[in-house]
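Protein chains in written order, with the working numbering: chain A, 20 to 186; chain B, 20 to 186. Idealized CB from N, CA, C, for every residue including glycine.
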DNA sequence: GCAATATACTAGGACATCCAAGGGTTTGGA
DNA sequence: TCCAAACCCTTGGATGTCCTAGTATATTGC
């Protein structure tokens, strides 16, 4: 890690907003900026834990999703909507996972447009181990106390619903 | 926007975690995943507002930072630490801003290693207009009620301090 | 004073994300 | 029936982020 800054840069930004007469939006600006930064910190931690497994977070997310699918396989577009990423991102991710032998593409039995993604045994094993590592090294040491975790889940859940993620 | 999903995918992931015996970390997992998704939603909104100005969020952040600097100029490494991004990202961003005529590089008067970044008049004007747009279209309509904004600022502020962002 | 160490920036490469566009497959209405 | 519209995936291009290395300049220690 780099040396901590002497002052919170987001609190400073908020002061700058207030000094410029934007007090009415200074607090939401600070909250949103804090979310951006927190995401960056968390992503770096997660990527650090996954690095030994040879997968990135994007690839892990797809492996985890597949490992929970009842049939063990999912159409590309289903993965895209569940992971909330662009279809081209899924194509990119599947290409790399397939090169690594962790998933395979197979044609949909009835819809010629659709491609199914399926975990290989290696992919299944890796997903299991990577999940155990993330649970132990990231989620069990999130840096949030239980009460804050509940607050975040509630606040961000409402936000995501209002943003149109789900109904 | 895509059609909302019938169910919250993060709540489903949490259920999957609990079903697999990882109940102790299911809640933090859900909170962290929600932060990742929320960041993605907010970033998309911000980029949408900035698009007409021809800048991305990364470039806007640097312009805004420079616009608040007393001297009107900042060393590259200062910008890197304040924005909490890798020095090479700043190099990349400055390259593009400079090509667009929004900032200029100049040598540091006493330290030959250091490069100063400075806003051009065009950069200053654009920063002002883009900030007004973000204030009106994103921060003023954040989707968080005031109470939640305060909660987020508090919770994420503690998290960032513990993560070593500042002291 | 000079060599060793530290600091500042840049070049090249790997990844992820999105958008725009294209080609194949299905579906639905005339 | 049949063609247009809708849907699914992939390719190609632009951006941003990080990492590893390399070059240049400062600082430190002997």
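{"Item": "Whether residue 157/A touches residue 65/A by CB criterion (9 Å)", "Value": "yes"}
{"Item": "Residues near residue 69/B in its chain [Cβ-Cβ closer than 7 Å; skip 5 each side]", "Value": "75, 76, 79, 149"}
{"Item": "Beta-bridge partners of residue 29/A, as assigned by DSSP", "Value": "Residue 29/A pairs with nothing; no bridge assigned."}
{"Item": "Alpha carbon of residue 180/B to alpha carbon of residue 172/A, nearest angstrom", "Value": "21 Å"}
{"Item": "Residue 85/A and residue 138/A closer than 9 Å at C-beta", "Value": "yes"}
{"Item": "Identity of the residue in 113/A, 26/A, 131/A nearest residue 82/A by Cα", "Value": "113/A"}
{"Item": "The beta strand (DSSP E) enclosing residue 144/A, as first and last residue numbers", "Value": "Segment 140-156 is the alpha helix (DSSP H) holding residue 144/A; no beta strand (DSSP E) there."}
{"Item": "Residue 54/B versus residue 73/A - alpha carbon distance", "Value": "24 Å"}
{"Item": "Three CB pairs or more closer than 8 Å across the segment 44-58 of chain B and the segment 151-166 of chain A", "Value": "yes"}
{"Item": "Three-state secondary structure (DSSP) of residue 46/A", "Value": "helix"}
{"Item": "9 Å Cβ cutoff met for residue 99/A and residue 24/B", "Value": "no"}
{"Item": "Distance between residue 135/A and residue 102/B (C-alpha atoms, nearest Å)", "Value": "41 Å"}
{"Item": "CB contact below 9 Å: residue 194/A versus chain B", "Value": "The requested residue 194/A is not part of the displayed model; chain A covers only 20 to 186."}
{"Item": "Cutoff 9 Å: residue 133/B Cβ touching any chain A Cβ", "Value": "no"}
{"Item": "Within chain B, partners of residue 56/A - CB distance below 8 Å", "Value": "103, 175, 179, 184"}
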